[in-house]
Amino acid sequence: GAGVSQTPSNKVTEKGKYVELRCDPISGHTALYWYRQSLGQGPEFLIYFQGTGAADDSGLPNDRFFAVRPEGSVSTLKIQRTERGDSAVYLCASSLGGGTGAGELFFGEGSRLTVL
Amino acid sequence: AQSVSQHNHHVILSEAASLELGCNYSYGGTVNLFWYVQYPGQHLQLLLKYFSGDPLVKGIKGFEAEFIKSKFSFNLRKPSVQWSDTAEYFCAVNARSSYKLIFGSGTRLLVRP
Chain A
1269 GAGVSQTPSN KVTEKGKYVE LRCDPISGHT ALYWYRQSLG QGPEFLIYFQ GTGAADDSGL
1329 PNDRFFAVRP EGSVSTLKIQ RTERGDSAVY LCASSLGGGT GAGELFFGEG SRLTVL
Chain B
780 AQSVSQHNHH VILSEAASLE LGCNYSYGGT VNLFWYVQYP GQHLQLLLKY FSGDPLVKGI
840 KGFEAEFIKS KFSFNLRKPS VQWSDTAEYF CAVNARSSYK LIFGSGTRLL VRP
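Sequence lines, in order, name chains A and B. Those letters in the first sequence? Residues 1269 to 1384, by this note's numbering. Those letters in the second sequence? Residues 780 to 892, by this note's numbering.
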């Protein structure tokens, strides 16, 4: 597609529920990133994929968070047993690859998660 | 660990005023530097970037930024702002050849017509 697509754009759930957020990156971009943006803060790194593998998941806050990218394109961020503190905008970005191009990220519009 | 500081959280200007947004980073090695912008209701997009060479870089819409290595700074400037520049601006840094982009907390700019 023309840009990074994220669904849903808004998700309201109850504490303790399971949530999936989807990201469809720009065609041909091998690198995919998930960031989380809380109110009044800049985006915070969660996880980075190069192809199908998670090259760095050091930003995931705990084991309730998990992400997959089984075919090297679409990625799903999964949050188990959601807590109110998980409320944030979850941003997906893609880029052509590593090296000097690594920082030229193309962002989606984000999925706003609200946990009641 | 890398970090990015943006000193001004909110800036209000009148049209035609000059703009300078501060950005400082902490990292001992070679870095790439970026400014991203988020217009109301839109996604984050790249405004300009510095990888190497001329420390004064020009971006879209008349913005420029100057990398001052000795001050670990990458301030964003525009000589004359427009109402359409109302947005949130994020400074970001990554270590050279790294994939992990570290963002500042952002500066909300409001330009009054």
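The beta-carbon is built from N, C-alpha and C at its ideal position, and this holds for glycine as well. Only a predicted model underlies this, so the values are computations on that prediction, with no experimental measurement involved.
Relative to the alpha-carbon of residue i, which residue among the options has its alpha-carbon at the smallest distance?
i: Ile791 (chain B); options: B:Val872, B:Ser884, B:Lys879 and B:Ala866; result: B:Ala866
i: His788 (chain B); options: B:Gly838, B:Cys870, B:Arg875 and B:Glu843; result: B:Cys870
i: Gly885 (chain B); options: A:His1297, A:Thr1275 and A:Gly1310; result: A:Gly1310
i: Ala1270 (chain A); options: A:Ser1326, A:His1297, A:Lys1346 and A:Asn1330; result: A:His1297
i: Leu823 (chain B); options: A:Tyr1286, A:Lys1279, A:Val1280 and A:Ser1273; result: A:Ser1273
With a threshold of 8 Å on Cβ separation, who are the neighbours of residue i within its own chain once the five nearest residues in sequence on each side are excluded?
i: Ala1299 (chain A); result: Tyr1316, Phe1317, Gln1318, Ser1362, Ser1363, Leu1364, Gly1365, Gly1366 and Ala1370
i: Phe842 (chain B); result: Trp814, Leu826, Leu827, Leu855, Arg856 and Lys857
Would you verify that the beta carbon of residue i is, or is not, closer than 7 Å to some beta carbon of chain A?
i: Gly883 (chain B); result: yes
i: Lys857 (chain B); result: no
i: Tyr878 (chain B); result: yes
What's the gap between the Cα of residue i and the Cα of residue j?
i: Pro1357 (chain A); j: Gly883 (chain B); result: It is Val, not Pro, that sits at residue 1357 (chain A) in the sequence shown. Approximately 16 Å, taken between the alpha carbons.
i: Ile1294 (chain A); j: Pro858 (chain B); result: 34 Å
i: Tyr777 (chain B); j: Phe1313 (chain A); result: As shown, chain B starts at 780 and ends at 892. That puts residue 777 (chain B) outside it, with no answer to give.
i: Gly1378 (chain A); j: Asp1292 (chain A); result: 11 Å
i: Phe846 (chain B); j: Phe1333 (chain A); result: 37 Å
i: Ala874 (chain B); j: Gln861 (chain B); result: 33 Å
i: Ala844 (chain B); j: Lys879 (chain B); result: 21 Å
i: Ile1347 (chain A); j: Ser1326 (chain A); result: 16 Å
i: Asn803 (chain B); j: Arg887 (chain B); result: 17 Å
i: Ala796 (chain B); j: His786 (chain B); result: 19 Å
Kindly indicate if chain D contains any beta-carbon less than 7 Å away from that of residue i.
i: Gly1376 (chain A); result: Absent from the structure is chain D; the protein chains it does hold are A and B.
Return the chain-ordered list of same chain residues with a C-beta closer than 6 Å to the C-beta of residue i, the five sequence neighbours on each side being excluded.
i: Thr1344 (chain A); result: Glu1288, Arg1290 and Val1336
i: Thr809 (chain B); result: Arg875
i: Ser932 (chain B); result: Any answer about residue 932 (chain B) is impossible in this case: the structure gives chain B only from 780 up to 892.
i: Ser849 (chain B); result: none
i: Asp1324 (chain A); result: Tyr1316
i: Leu1373 (chain A); result: Ala1361 and Ser1363
Going by beta carbon distance, what residues of the same chain come within less than 7 Å of residue i, once the five residues before and after it are set aside?
i: Lys1283 (chain A); result: Thr1350, Glu1351, Arg1352, Val1383 and Leu1384
i: Asp1354 (chain A); result: Ile1347, Leu1381 and Val1383
Closer than 9 Å, Cβ to Cβ, to anything on chain A: give me those residues from the segment 805-822 of chain B, in chain order. Listed by position along the chain: Asn811, Leu812, Phe813, Tyr815, Gln817, Gly820, Gln821 and His822.
Near-chain A residues of the segment 824-855 of chain B - C-beta to any C-beta below 9 Å: Those would be Gln824, Leu825, Lys828, Phe830 and Ser831, in chain order.
Check distances from the C-beta atoms of the segment 1289-1319 of chain A to those of chain B and list, in chain order, the residues that come in under 9 Å. Within the segment 1289-1319 of chain A, the qualifying residues are Ala1299, Tyr1301, Tyr1303, Gln1305, Gly1308, Gln1309, Gly1310, Pro1311, Glu1312, Phe1313, Tyr1316 and Gln1318.
Using a Cβ cut-off of 9 Å, which residues of the segment 789-804 of chain B contact any Cβ in chain A, in chain order? none
Cβ-based contacts, 9 Å cut-off: residues of the segment 1323-1339 of chain A near chain B: So the close ones are Ala1323, Asp1324, Ser1326 and Gly1327.
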